[in-house]
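Here's the structure, in structure tokens; my notes come after.
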Amino acid sequence: MKYADEFRDKAIALGLAKTIEAETDPGRPYRFMEFCGGHTHAISRYGLEDLLPKNVRMIHGPGCPVCVLPAGRIDMAIRLAERPDVILCVYGDLMRVPGSQGASLLKAKARGADIRMVYSTIDAVRIAEENAGREIVFFAIGFETTTPPTAVMIRLAEKKQLENFSVFCNHVLTPPAMQNILESPDIRKIGRIEIDGFVGPAHVSTIIGTAPYEFFAEEFGKPVVIAGFEPLDMMQAILMLVRQVNENRHEVENQYSRAVTCGGNLRAKEEVSDIFELRAQFEWRGLGQVPYSGLKLKRTYAKYDAEVRFGMSELRVDDNPACECGAILRGVKKPVDCKLFGTVCTPETPMGSCMVSSEGACAAHWTYGRFRDHQQRRAS
Amino acid sequence: MRAYQRKLDIKNGCVDLSHGSGGRAMAQLISGLFHEAFGNEWLARGNDQSAFDVGDGRMVMTTDGYVVSPLFFPGGDIGSLAVHGTVNDIAMAGARPLYLSASFIIEEGFRFCDLKTIAESMGEAARVAGVHIITGDTKVVERGKADGLFISTAGVGVVPDGLDLSAENARVGDRVLISGTLGDHGVAIMSKRQNLTFETEIVSDSAPLNDLVAEMVEAGGRGIRLMRDPTRGGLAATLNEIAHQSGLGFHLIEERIPVKPGVAAACELLGLDPLHVANEGKLVAIVAPDVAGAVLAAMRGHRLGRDAADIGEAVADDHHFVQMATSFGGGRIVDWLSGEQLPRIC
Numbered sequence: 203m204k205y206a207d208e209f210r211d212k213a214i215a216l217g218l219a220k221t222i223e224a225e226t227d228p229g230r231p232y233r234f235m236e237f238c239g240g241h242t243h244a245i246s247r248y249g250l251e252d253l254l255p256k257n258v259r260m261i262h263g264p265g266c267p268v269c270v271l272p273a274g275r276i277d278m279a280i281r282l283a284e285r286p287d288v289i290l291c292v293y294g295d296l297m298r299v300p301g302s303q304g305a306s307l308l309k310a311k312a313r314g315a316d317i318r319m320v321y322s323t324i325d326a327v328r329i330a331e332e333n334a335g336r337e338i339v340f341f342a343i344g345f346e347t348t349t350p351p352t353a354v355m356i357r358l359a360e361k362k363q364l365e366n367f368s369v370f371c372n373h374v375l376t377p378p379a380m381q382n383i384l385e386s387p388d389i390r391k392i393g394r395i396e397i398d399g400f401v402g403p404a405h406v407s408t409i410i411g412t413a414p415y416e417f418f419a420e421e422f423g424k425p426v427v428i429a430g431f432e433p434l435d436m437m438q439a440i441l442m443l444v445r446q447v448n449e450n451r452h453e454v455e456n457q458y459s460r461a462v463t464c465g466g467n468l469r470a471k472e473e474v475s476d477i478f479e480l481r482a483q484f485e486w487r488g489l490g491q492v493p494y495s496g497l498k499l500k501r502t503y504a505k506y507d508a509e510v511r512f513g514m515s516e517l518r519v520d521d522n523p524a525c526e527c528g529a530i531l532r533g534v535k536k537p538v539d540c541k542l543f544g545t546v547c548t549p550e551t552p553m554g555s556c557m558v559s560s561e562g563a564c565a566a567h568w569t570y571g572r573f574r575d576h577q578q579r580r581a582s
Numbered sequence: 037m038r039a040y041q042r043k044l045d046i047k048n049g050c051v052d053l054s055h056g057s058g059g060r061a062m063a064q065l066i067s068g069l070f071h072e073a074f075g076n077e078w079l080a081r082g083n084d085q086s087a088f089d090v091g092d093g094r095m096v097m098t099t100d101g102y103v104v105s106p107l108f109f110p111g112g113d114i115g116s117l118a119v120h121g122t123v124n125d126i127a128m129a130g131a132r133p134l135y136l137s138a139s140f141i142i143e144e145g146f147r148f149c150d151l152k153t154i155a156e157s158m159g160e161a162a163r164v165a166g167v168h169i170i171t172g173d174t175k176v177v178e179r180g181k182a183d184g185l186f187i188s189t190a191g192v193g194v195v196p197d198g199l200d201l202s203a204e205n206a207r208v209g210d211r212v213l214i215s216g217t218l219g220d221h222g223v224a225i226m227s228k229r230q231n232l233t234f235e236t237e238i239v240s241d242s243a244p245l246n247d248l249v250a251e252m253v254e255a256g257g258r259g260i261r262l263m264r265d266p267t268r269g270g271l272a273a274t275l276n277e278i279a280h281q282s283g284l285g286f287h288l289i290e291e292r293i294p295v296k297p298g299v300a301a302a303c304e305l306l307g308l309d310p311l312h313v314a315n316e317g318k319l320v321a322i323v324a325p326d327v328a329g330a331v332l333a334a335m336r337g338h339r340l341g342r343d344a345a346d347i348g349e350a351v352a353d354d355h356h357f358v359q360m361a362t363s364f365g366g367g368r369i370v371d372w373l374s375g376e377q378l379p380r381i382c
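Which chain is which? The protein sequence lines are A and B, in order.
Last residue of the first sequence: number 582 in the numbering used here, and the count goes up by one each step with no gaps.
Last residue of the second sequence: number 382 in the numbering used here, and the count goes up by one each step with no gaps.
Encoded structure:
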């Protein structure tokens with residue numbers, strides 16, 4: 203497969219693995235967090251851990267928008283979808299995300315709620331045109347990458363003068379979450395692990411560019427290397443991080459230069475800032491309330507804001523107290539350290555954010571990597 | 037005197053509730069459309085059931101329902117699928133499939149011309165597979181109560197004496213053979229789904245495997261421990277099932293697993309793993325190492341096994357993991373698919 207196989211070449215991977223091994227100092231740990239679920243998935247699916255020296259540890263961050271969506275927001279969506287006049291349009295991977303007490307959109311659909319899986323925002327607009335007598339609500343979710351398509355959809359609805367269309371906005375932002383991981387008050391409770399550097403997001407950075415990460419590099423003294431989602435991208439980014447650590451540098455470097463620029467996608471950023479504004483805070487499953495981390499529609503677009511249109515009230519549901527997602531997302535604990543992991547919490551019945559989608563730290567470990575736990579147990 | 041009955045208007049007509057009511061209209065539909073397509077001596081006798089002879093050996097029986105959407109897809113339709121699926125389930129016992137039943141649940145308004153095409157496709161698939169459809173049933177339900185057409189088929193076959201294929205026969209060191217490229221059926225169906233249409237040249241692999249199985253049994257005899265056709269859930273589900281039933285684990289080598297570039301590209305686009313995607317004309321065989329070479333050669337010599345490959349081995353593993361050396365150089369688990377990939381694929 204052209205443009206994909208080139209980035210999955212075994213010989214180059216083994217070459218990079220050798221270089222990483224040669225350049226790492228065996229006397230110190232290298233703890234890198236990949237923020238994005240896409241990176242977590244690539245690490246697990248291609249078995250990257252097997253190619254890294256023992257003292258290089260990857261910490262899987264909270265960068266999966268499905269995983270971090272709190273149960274309360276799912277409950278709100280279910281409540282909305284249960285209205286007979288509403289058709290709720292959602293991306294398929296939201297269907298199984300647990301709300302409170304085992305509820306999910308999938309179960310609500312089975313009970314009769316009109317919930318339709320769509321593959322693009324354009325599908326939702328089409329459904330609105332075809333169902334003039336119904337209220338069509340698009341369940342918008344995702345990081346900076348999926349916000350521009352939502353903006354385009356709202357523009358389209360405006361142009362078509364759709365009166366029956368609105369958006370339940372759950373868009374979140376990457377930089378505030380990265381900051382939260384490094385300095386949230388929770389760290390006092392759960393302890394902290396040093397993070398020696400970040401693998402910066404791929405797709406998110408195509409939109410926001412490399413500039414927003416400069417703050418981290420400077421303020422927290424952490425190297426950031428923006429990397430593509432292919433496994434060779436990851437290997438190269440890890441090598442670049444190792445070199446920064448060894449040389450005591452903390453800069454923003456761009457491994458994914460084939461897609462990411464310093465300024466990002468200006469047109470997309472403009473569209474987003476025209477339509478959306480910051481929320482004072484937004485809840486993340488596993489992280490709790492994170493200041494200035496979510497977006498909502500500006501007042502001028504209030505007619506397209508489902509929360510305003512339907513007077514939706516905020517629902518809060520506490521995470522399961524035994525769930526260790528907060529500590530796992532910050533690298534303090536590993537999936538196997540959680541009592542729920544693989545017992546009551548599995549990809550079929552996820553309890554915490556890390557198990558919700560295949561990009562979550564626990565789900566990726568369960569689905570692709572859990573054989574290593576048994577290997578380690580046997581070895582010790 | 038015989039009452040006048042207007043001929044079925046195959047070109048413009050459609051099924052209505054009278055075609056399921058037990059009256060003349062139903063009799064006409066059955067004789068004019070199904071008997072015509074399946075034509076055989078058993079159906080011609082017009083009994084509520086069919087009696088048949090079986091040869092030596094143990095009998096095998098299976099049943100399956102078909103609800104695929106869309107009804108017509110590249111490489112087949114619900115009719116051919118309803119024959120191949122049941123024939124293959126019988127063949128996986130190492131058996132020779134003999135007779136099928138076919139039950140149709142038809143939504144009112146379904147066009148005769150589509151029903152005829154599907155029935156003829158079933159008849160043709162049965163002839164190619166060397167089986168006969170010898171009994172059946174027709175029901176018509178109101179509009180909105182079924183999505184066009186559902187078909188259910190059951191089948192019987194005979195397995196030769198001495199052959200007892202089952203998961204508990206698998207042993208450490210056995211080879212894992214697959215008969216060809218993975219994921220063709222699932223990708224062909226997905227490419228035609230509403231909202232998901234994308235261009236691909238991939239066609240479904242839907243095919244009867246009984247002839248291929250006969251040659252494998254000829255070459256490997258009792259060295260063939262078991263066979264399965266990896267349909268829904270793909271190879272991953274099938275091997276996990278076998279691992280749990282046999283009490284073993286498996287080690288696979290990703291580079292050896294054949295996947296067509298078009299399927300790999302579609303999976304990349306849709307975020308799917310080809311190992312989770314459905315097949316309808318492929319089998320996986322767990323085979324004793326001493327006959328694996330001969331069985332693989334027999335498979336490759338058959339039209340439906342040209343791309344057959346030895347993709348790994350059975351290992352001792354208390355956790356029954358299916359592990360895989362990735363083509364990138366690492367290792368990973370090949371787990372069951374969690375959740376639903378796409379409903380109504382067969």
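Each residue gets a CB set at the ideal place from its N, CA and C atoms; glycine is no exception.
Which residues of the segment 318–337 of chain B have a Cβ closer than 8 Å to any Cβ of chain A? Give them in chain order.
Listed in sequence order: no entries.
In whole angstroms, what separates the C-alpha of B:Val119 from that of A:Phe484?
Distance between the alpha carbons of B:Val119 and A:Phe484 is about 54 Å.
Output the distance between the C-alpha atoms of B:Pro266 and B:Phe70, rounded to the nearest integer angstrom.
The alpha-carbon atoms of B:Pro266 and B:Phe70 are separated by roughly 30 Å.
Please look up how many angstroms separate the CB atoms of B:Ile293 and B:Leu218, rounded, as I've assumed it's under 8 Å.
Rounded, the Cβ-Cβ distance is 7 Å, consistent with contact.
Contact criterion: CB-CB distance below 8 Å. Does A:Glu550 meet it with respect to chain B?
Under the Cβ criterion of 8 Å, A:Glu550 is counted among the residues facing chain B.
Under 8 Å, with one C-beta from each stretch per pair, do the segment 135–143 of chain B and the segment 173–181 of chain B reach the 3-pair mark?
The answer is yes - the segment 173–181 of chain B touches the segment 135–143 of chain B, with three or more Cβ pairs under 8 Å.
In or out: A:Pro387 buried (at least 16 other Cβ within 10 Å) or exposed?
Exposed, by the Cβ-count rule.
Let me make sure I understand the geometry here. Which of B:His356, B:Glu72, B:Ile169 has the alpha-carbon closest to that of B:Ala87?
The option with the nearest alpha carbon to B:Ala87 is B:Ile169.
Which runs of the alpha helix (DSSP H), 4 residues or longer, sit entirely within the segment 183–251 of chain B?
Runs found: 220–226.
Under the three-state reduction of DSSP, which class applies to A:Pro433: helix, strand or coil?
Shown here, A:Pro433 sits in a helix according to DSSP, grouped into three states.
Note down, in chain order, each residue of its chain lying with its Cβ closer than 6 Å to the Cβ of B:Leu65, except the 5 sequence neighbours on either side.
Correct list, in chain order: His55.
Let me know the secondary structure DSSP gives A:Gln363 once reduced to three states.
Coil, per DSSP.
Is it the case that the segment 470–487 of chain A contacts the segment 424–444 of chain A, given that we only count it when at least three CB pairs across the two stretches are under 8 Å?
The segment 424–444 of chain A and the segment 470–487 of chain A do not touch, with fewer than 3 CB-CB distances between them shorter than 8 Å.
Could you tell me which of A:Pro377, A:Trp568, A:Pro272, A:Glu331 sits nearest to A:Glu346, measuring between CA atoms?
Here the closest residue by C-alpha is A:Pro377.
Segments of 3+ residues assigned as beta strand (DSSP E) that fall wholly inside the segment 313–350 of chain B
Runs found: 320–323.
What residue ranges within the segment 252–293 of chain A form continuous alpha helix (DSSP H) runs of no fewer than 4 residues, ordered along the chain?
Taking only runs of at least 4 residues, the alpha helix (DSSP H) segments lying wholly in the segment 252–293 of chain A are 267–270, 273–283.
The beta strand (DSSP E) enclosing B:Thr99, as first and last residue numbers:
Residues 94–102.
Are the CB atoms of A:Phe370 and A:Ala342 within a distance shorter than 8 Å?
Yes, the pair counts as a contact, with Cβ atoms nearer than the cut-off.
Quick check: what's the CA-CA separation for A:Asp277 versus B:Leu201?
Take the alpha-carbon of A:Asp277 and the one of B:Leu201: they are about 49 Å apart.
Could you list the residues in the segment 203–229 of chain A with a C-beta less than 7 Å from some C-beta on chain B, going in chain order?
Within the segment 203–229 of chain A, the qualifying residues are Met203, Ala206, Arg210, Lys212, Ala215, Leu216.
Continuous alpha helix (DSSP H) stretch holding B:Gly367: start and end:
Counting along the chain, B:Gly367 sits inside no alpha helix (DSSP H); it lies in the beta strand (DSSP E) bounded by residues 367–369.
State buried or exposed for B:Asp309, treating a residue as buried only when at least 16 other CB atoms are found within 10 Å of its CB.
By the neighbour-count rule (16 or more Cβ atoms within 10 Å), B:Asp309 is buried.
Does the CB of B:Asp371 have a neighbour CB from chain A at under 8 Å?
Yes, its Cβ sits closer than 8 Å to a Cβ of chain A.
In this structure, what does DSSP give as the bridge partners for A:Gln483?
Answer is A:Pro493, bridged to A:Gln483.
Under 8 Å between C-beta atoms, does B:Ala301 make it to chain A?
So yes, B:Ala301 belongs to the interface.
Helix, strand or coil: which one does DSSP assign to A:Cys527?
Helix, per DSSP.
Using alpha carbons as the reference points, say which of B:Val323, B:Arg132, B:Val299 lies closest to B:Asp222.
Sequence check: residue 222 of chain B is Gly here, not Asp. The residue with the shortest Cα to Cα distance from B:Gly222 is B:Val299.
Say whether chain B places a C-beta atom closer than 8 Å to the C-beta of A:Thr569.
Yes, contact with chain B.
Does A:Ala342 come out as helix, strand or coil in the three-state DSSP assignment?
Residue state, collapsed to three classes: strand.
Can you pull out the residues from the segment 105–126 of chain B whose beta carbon lies closer than 8 Å to at least one beta carbon of chain A?
Within the segment 105–126 of chain B, no residue has a Cβ that lies closer than 8 Å to any Cβ of chain A.
Out of A:Glu251, A:Ile477, A:Ile214, A:Val327, which one is the CA nearest neighbour of A:Leu358?
A:Leu358 has its Cα closest to that of A:Val327, out of A:Glu251, A:Ile477, A:Ile214, A:Val327.
Ignore the nearest five residues each way along the sequence and tell me which others in B:Ile126's own chain have a CB closer than 6 Å to its CB.
Closer than 6 Å at the Cβ level, and outside the excluded window around B:Ile126, lie Val96, Thr98, Pro133, Gly191, Gly193.
Evaluate A:Glu561 with the Cβ neighbour count: other Cβ atoms within 10 Å of its Cβ, from every protein chain shown; 16 or more gives buried, anything less gives exposed.
Counting Cβ neighbours within 10 Å, A:Glu561 comes out buried, since at least 16 surround it.
Run of the alpha helix (DSSP H) containing B:Ser139, from where it starts to where it stops:
The continuous stretches of alpha helix (DSSP H) do not include B:Ser139, which lies in the beta strand (DSSP E) extending over residues 132–143.
Using three-state DSSP, classify B:Asn288 as helix, strand or coil.
Looking at the sequence itself, residue 288 of chain B is Leu, so the reference to Asn does not match. It is a strand residue.
Taking the C-alpha atoms as reference points, what is the distance between A:Phe573 and B:His356?
Spanning the two alpha carbons is a distance of roughly 10 Å.
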